[in-house]
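So for the sequence shown, our numbering puts the first residue at 1; every next one is plus one.
First comes the structure, then the notes that go with it.
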Amino acid sequence: MAKLFFKYGTVFSAKSLNLIAAAYNYEIQGKKVLLLIPAIDSRSKGAVSTRAGLSMPAELVGPKSNILTIFKKHLKKKENIDCVLVDECQMLTEKHIDQLREIVDTYHTSVICYGLRVSYTLELFEASERLLALADKLEEIKTICWFCNDKATHNLKLLDGKPQYIGNPIEIGGLEKYLPVCFACYKNPKL
Ligand SMILES: [Zn+2]
Numbered sequence: 001m002a003k004l005f006f007k008y009g010t011v012f013s014a015k016s017l018n019l020i021a022a023a024y025n026y027e028i029q030g031k032k033v034l035l036l037i038p039a040i041d042s043r044s045k046g047a048v049s050t051r052a053g054l055s056m057p058a059e060l061v062g063p064k065s066n067i068l069t070i071f072k073k074h075l076k077k078k079e080n081i082d083c084v085l086v087d088e089c090q091m092l093t094e095k096h097i098d099q100l101r102e103i104v105d106t107y108h109t110s111v112i113c114y115g116l117r118v119s120y121t122l123e124l125f126e127a128s129e130r131l132l133a134l135a136d137k138l139e140e141i142k143t144i145c146w147f148c149n150d151k152a153t154h155n156l157k158l159l160d161g162k163p164q165y166i167g168n169p170i171e172i173g174g175l176e177k178y179l180p181v182c183f184a185c186y187k188n189p190k191l
């Protein structure tokens with residue numbers, strides 16, 4: 001049975017590494033995957049890449065792109081797609097998630113989305129909220145807090161070494177830094 005998965009985690013939880021490992025597992029069995037990444041993420045440049053240095057080509061999804069159209073285009077070329085893997089899915093829109101749900105239900109192809117659940121301002125991302133509502137399976141990708149050894153559940157934004165709690169939830173490519181933290185260290189980071 002094809003399913004819609006939401007595998008969420010904080011920053012530094014090796015989400016992209018997990019995605020590449022999953023894609024690799026499909027490919028060594030001769031199965032076909034389609035990798036997607038939001039075009040809004042200026043770091044992506046048409047590839048999923050990891051801090052560990054691994055990289056795989058991915059199709060860019062713009063804010064107005066229809067994922068079903070992208071999927072059907074690839075379906076024609078490859079004849080069959082066994083799994084769709086989405087990186088940084090929190091940067092997609094609610095509509096994109098509805099289109100991914102349709103891929104699962106109409107084409108019986110599993111879709112695995114990797115991304116953040118909440119922003120540094122403690123808000124659910126639009127796409128993550130939709131995924132929490134529509135996914136068949138939720139899975140947490142775990143890592144430990146930067147400051148203590150508890151499980152990290154949140155993302156702390158630092159700008160010039162100072163914690164930031166308000167602003168635009170989606171900001172990329174600036175001088176800010178994000179750290180995985182537990183909620184206690186989110187509130188009172190031991191900087
Ligand atoms: Zn902590």
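C-beta atoms are modelled at their ideal positions from N, C-alpha and C, and glycine is treated no differently.
Everything numeric in this text was worked out from a predicted model, so none of it was measured.
Put Cys113 into one of helix, strand or coil per three-state DSSP.
strand
Would you say Pro147 touches ligand 1, meaning its beta carbon is less than 7 Å from a heavy atom?
The sequence as given places Phe at residue 147; Pro does not occur at that position. Yes, ligand 1 has a heavy atom inside 7 Å of this Cβ.
Simplified DSSP state of Val11, which is helix, strand or coil:
coil
Limits of the beta strand (DSSP E) - the one that Val181 falls within:
Membership of Val181 in the beta strand (DSSP E) is indicated by the continuous run Lys177 to Val181.
Buried/exposed call for Glu79, threshold 16 Cβ in 10 Å
A residue is called buried once 16 or more other Cβ atoms fall within 10 Å of its Cβ, and Glu79, having fewer, is exposed.
Bounding residues of the beta strand (DSSP E) (the contiguous stretch that carries His154):
Boundaries of the beta strand (DSSP E) harbouring His154: His154 to Leu159, taken from the DSSP string.
What would DSSP say about His56, mapped onto helix, strand or coil?
Note that residue 56 is Met in the sequence shown, not His. Strand at Met56.
Three-way DSSP call (helix, strand, coil) for Leu134 in this model
helix
Where does Tyr165 land, buried or exposed, given buried means 16+ other C-beta within 10 angstroms?
exposed
Going by beta carbon distance, what residues of the same chain come within less than 6 Å of Leu54, once the five residues before and after it are set aside?
Ile20
Do Lys142 and Gly9 count as a contact pair if the criterion is CB distance below 8 Å?
yes
Check each candidate in Asn66, Ala184, Leu131 and Thr121 and name the one with the smallest Cα separation from Tyr178.
The residue from Asn66, Ala184, Leu131 and Thr121 with its alpha-carbon nearest to that of Tyr178 is Thr121.
Report whether the distance from the Cβ of Asp150 to the nearest heavy atom of ligand 1 is below 7 Å.
Relative to ligand 1, the beta carbon of Asp150 is positioned inside 7 Å of a heavy atom.
Following the continuous alpha helix (DSSP H) through Gln99, name the residue where it begins and the one where it ends.
Glu94 to Tyr107
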